[in-house]
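Q: Questions regarding the structure given below will be posed in turn.
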Amino acid sequence: MHIKRITIKNFKSFGKKVDIPLDRGFTVISGPNGSGKSNIIDSIIFCLGLHTSSKILRAEKLPDLIYSGNGRKTGTAEVEIVFENGDEELRIARRVKITDRNYYSYYYLNGKSASHGEIMKILEREGIYSDAYNIVMQGDVTRIVEMTPFQRRKIIDDIA
Amino acid sequence: MHIKRITIKNFKSFGKKVDIPLDRGFTVISGPNGSGKSNIIDSIIFCLGLHTSSKILRAEKLPDLIYSGNGRKTGTAEVEIVFENGDEELRIARRVKITDRNYYSYYYLNGKSASHGEIMKILEREGIYSDAYNIVMQGDVTRIVEMTPFQRRKIIDDIA
Amino acid sequence: KREKFFEVFNALNQNFREIIRNLANGEGELYLDNPEDPFNSGLYMRVRPYGKQVQRLEQMSGGEKSLVALALIFAIQRYKPAPFYAFDEVDMFLDGVNVARLARMIKELSSQAQFIVVSLRKPMLEEADAIVGVTMGRDNISQVTGIRKASMIQ
Amino acid sequence: KREKFFEVFNALNQNFREIIRNLANGEGELYLDNPEDPFNSGLYMRVRPYGKQVQRLEQMSGGEKSLVALALIFAIQRYKPAPFYAFDEVDMFLDGVNVARLARMIKELSSQAQFIVVSLRKPMLEEADAIVGVTMGRDNISQVTGIRKASMIQ
Ligand SMILES: Nc1ncnc2c1ncn2[C@@H]1O[C@H](COP(=O)(O)OP(=O)(O)OP(=O)(O)O)[C@@H](O)[C@H]1O
Ligand SMILES: Nc1ncnc2c1ncn2[C@@H]1O[C@H](COP(=O)(O)OP(=O)(O)OP(=O)(O)O)[C@@H](O)[C@H]1O
Ligand SMILES: [Mg+2]
Ligand SMILES: [Mg+2]
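Chains as they are written, first to last, in the numbering used here: chain S, 1208 to 1367; chain Z, 1208 to 1367; chain C, 37 to 190; chain L, 37 to 190.
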């Protein structure tokens, strides 16, 4: 299984819809400081619901993830990830919608609304866990180096 | 005033005496990971006695600073810095000596033994303070970014 | 519970040893300061970089420490394999030689799983199968310019 | 005491504003969340990178944050000038363009004070007056190979 495409709309600095086709193998994302590279990694964590205390999205609350440029803050941020699994496709999408009084977050599995739990069940079957050890965010290497030996041991407790 | 030469002997990874001539202006120190670059910056902090709680030397106690390779741990680490100040020279040196039971640290000012206080008095006259804001160690930039706003404000308290 | 802990610990230790040999051409091991009572001990790393003596993490240089942290991350990933991996500038402390070594290792691993790596360093770009360029437009909106590296060579 | 605090704060703010303009081509300012009671407030930075809107530090990217931290360090150094400065890999988060900008700034400042900068990045090496090479010998002892760049060009 691998990620075939990531589609980002109105999420963080991606104010216009953007499609990112990806191959199996080794892809590098590059570009100047502040161009939006880490926001692509954040979009994967957001879409799959992998943000836990250790994987933060650098936002205080979900609505901060909606693109807000030059004062305009539109209502909905959306990220869709299309996985290719043999000859089948698995599409997972997530939307955050803001109204004057509240905000809502919806998950979709192959186009139909689903709960975060259902999504996690499918992902865990394929080896993607909520502890997200497969994603190393900017600064994680430094955080591991500066952990106390006790905190490092807790990593083993989590995995066990 | 500027640093004209740094001489390092038996300090950290400098097991052999090494002379580093320096010009005024802009000098870059470069080389592979683990080659000894940060140890040169540490040698300046050690020699001038600028290590305070915020400027650590990555050593638990002073004897750890003495070169110890292949099991051999000789008795004395020494760093000398020669400043050029107009047509005068100012030489500051520091030695850490280890015996079986204890270790000693000596400062020298132009070849004569001096106290840390005397050294600091001369340095402060030239604009080198013990808070050592003129030295930015590896990782300090990250530490400033991750400080809380309260800790950042304390910087101003210190300077005032 | 204790049994499971040691199963994980021993597997990670074995992985860590192999990866340190591959990534830093050295010898490494994980150890607990109080193996009798694992839930009250700390996890330490002992590494002998190529040609050097054994060092504790605190004494190492910035680049050496980050290689050890990467080896621990890879050791965990080998224990719990995933279909894709995403890394965000994990190579920033490394000199050119170590970035190239890490890039080659990722290239090898990318035959078994997908790797998406954010990097500014040349040796990483050179090993990649494809490069996705990202820029910030005048309108303050991120844009993506795709480059298919493999087809570029053809 | 309060007077002295504000004297320092205002001077640093002025320096910070100038340096952000020079280093990141943007606008920046320092502010206190509770200026009535400075000893109980936090110090914040508001920056408008070139062409973007005003951002708080938390929202910025890794590279942008490190430029802001560098601007604060330079602002302090301008308030308390020293005869020499030593920097250890302060450019590791920056892309090529920003490293070159920082290198040019250091080059300008180096006419007034001595700068000793540890760096692995090419744009820094290109701006330097002299380069000191450091390697680890086979015997596990650091050695220094000096290169006098200015005379290399002659
Ligand atoms: N007392 C000592 N005796 C011998 N070697 C030591 C001693 N103290 C530190 N070292 C070694 O010095 C080496 C170089 O460290 P240093 O931090 O200077 O590297 P560096 O050139 O800054 O590398 P990087 O680019 O990774 O930051 C380390 O491998 C460390 O173990
Ligand atoms: N909700 C939002 N609306 C608009 N822009 C945003 C939003 N959230 C974050 N940004 C902006 O996105 C920009 C890019 O951030 P990102 O962290 O992805 O950069 P990067 O490419 O990883 O850079 P670096 O190389 O410095 O790490 C930042 O300037 C940030 O202010
Ligand atoms: Mg980033
Ligand atoms: Mg270093």
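We put the CB at the ideal spot given by N, CA and C, even for glycine.
Keep in mind the model is a prediction, meaning the values are calculated, not measured.
On a Cα-Cα basis, can you pick out the residue from 1306(S), 1336(S), 1287(S) that is closest to residue 1314(S)?
A: 1287(S)
Q: Residues in its own chain within less than 8 Å of residue 193(L) by CB, not counting five upstream and five downstream?
A: Here chain L covers residues 37 to 190 and nothing more, so residue 193(L) does not appear.
Q: So what's residue 1365(Z) in DSSP terms, helix, strand or just coil?
A: Residue state, collapsed to three classes: helix.
Q: Please list the terminal residues of the continuous alpha helix (DSSP H) segment that includes residue 128(C).
A: Residue 128(C): not part of any alpha helix (DSSP H); DSSP gives it neither H nor E.
Q: Residues of chain C with CB closer than 8 Å to the CB of residue 62(L), please, in chain order.
A: Within chain C, no residue comes near residue 62(L); the closest Cβ sits about 13 Å away, beyond 8 Å.
Q: Buried or exposed: which applies to residue 100(C), given that a residue is buried once 16 or more other Cβ atoms fall within 10 Å of its Cβ?
A: buried
Q: Anything with a beta carbon under 5 Å from a heavy atom of ligand 2 counts; list them all in chain order.
A: Proximity annotation: ligand 2 has residues 1219(S), 1220(S), 1240(S), 1241(S), 1242(S), 1243(S), 1244(S), 1245(S), 1246(S), 1274(S), 1275(S), 91(L), 95(L), 97(L), 98(L), 99(L) in chain order, each selected because its CB is closer than 5 Å to a heavy atom of the ligand.
Q: By the criterion of Cβ-Cβ separation under 7 Å, what are the contact partners of residue 191(C) in chain Z?
A: What is shown of chain C runs 37 to 190, which leaves residue 191(C) out entirely.
Q: Please report the straight-line C-alpha distance between residue 1367(Z) and residue 1359(Z), rounded to a whole angstrom.
A: Cα to Cα, the separation comes out at about 13 Å.
Q: Classify residue 51(C): buried if its beta carbon has 16 or more other beta carbons within 10 angstroms, exposed otherwise.
A: buried
Q: How about residue 1212(Z) and residue 1289(Z): do their beta carbons lie closer than 8 Å?
A: yes
Q: Using 8 Å as the limit for Cβ to Cβ distance, is residue 95(C) near chain Z?
A: yes
Q: Compare the C-alpha of residue 115(C) against each of 38(C), 94(C), 47(C) and name the closest.
A: 47(C)
Q: Going by the C-beta, is residue 1353(S) closer than 7 Å to any heavy atom of ligand 4?
A: No, the beta carbon of residue 1353(S) sits no closer than 7 Å to any heavy atom of ligand 4.
Q: Would residue 1218(Z) pass as a contact of residue 1257(Z) if the rule is Cβ separation under 8 Å?
A: no
Q: Taking 7 Å as the cut-off, is the C-beta of residue 124(L) nearer than that to any heavy atom in ligand 4?
A: yes
Q: Rounded to the nearest angstrom, what separates residue 1270(Z) and residue 1364(Z) at their Cα positions?
A: 34 Å
Q: Given a limit of 8 Å on CB to CB distance, which residues of the region 1237-1257 of chain S reach chain C?
A: Residues of the region 1237-1257 of chain S with a C-beta atom less than 8 Å from some C-beta of chain C are 1237, 1238, 1239, 1241, 1242, 1243, 1244, 1245, 1246, 1247, 1248, 1251, listed in chain order.
Q: Can you pull the chain S neighbours of residue 133(L), defined as C-beta to C-beta under 7 Å?
A: Using a Cβ-Cβ cut-off of 7 Å, residue 133(L) is close to 1239 of chain S, given in chain order.
Q: For chain C, is any of its Cβ atoms less than 8 Å away from the one on residue 1340(S)?
A: yes
Q: Listed from N- to C-terminal order along the chain, which residues in the region 1303-1331 of chain Z have their beta-carbon within a distance smaller than 8 Å of any beta-carbon of chain L?
A: none
Q: By the DSSP assignment, the beta strand (DSSP E) with residue 1226(Z) in it spans what residues?
A: For residue 1226(Z), the enclosing beta strand (DSSP E) begins and ends at 1225-1228.
Q: What does the Cβ neighbour count give for residue 39(L), buried or exposed, with the cut at 16 atoms within 10 Å?
A: exposed
Q: Taking C-beta pairs closer than 7 Å, name the residues in chain C that residue 1265(Z) reaches, listed in chain order.
A: 94, 95
Q: Do you know offhand how far residue 127(L)'s Cα is from residue 1216(S)'s?
A: Straight through space, the alpha carbons of residue 1216(S) and residue 127(L) are spaced by roughly 32 Å.
Q: In whole angstroms, give me the CA-to-CA distance for residue 37(C) and residue 66(C).
A: 20 Å
Q: Hey, quick one: how far does the alpha helix (DSSP H) through residue 104(L) stretch, first residue to last?
A: 98-115
Q: Using Cβ-Cβ distances below 9 Å, what residues of the region 96-129 of chain L are close to chain C?
A: 98, 99, 124, 125, 128, 129
Q: So if I threshold CB-CB distances at 8 Å, which residues from the region 40-52 of chain L count as touching chain Z?
A: The region 40-52 of chain L vs chain Z, Cβ under 8 Å: 40, 41, 43, 44, 45, 48.
Q: Can you name the residues of chain L whose CB is closer than 8 Å to the CB of residue 1364(Z)?
A: 41, 75, listed in chain order.
Q: Short check: CB of residue 1276(Z) to CB of residue 1324(Z), under 8 Å?
A: Taking 8 Å as the Cβ cut-off, residue 1276(Z) and residue 1324(Z) do not qualify as a contacting pair.
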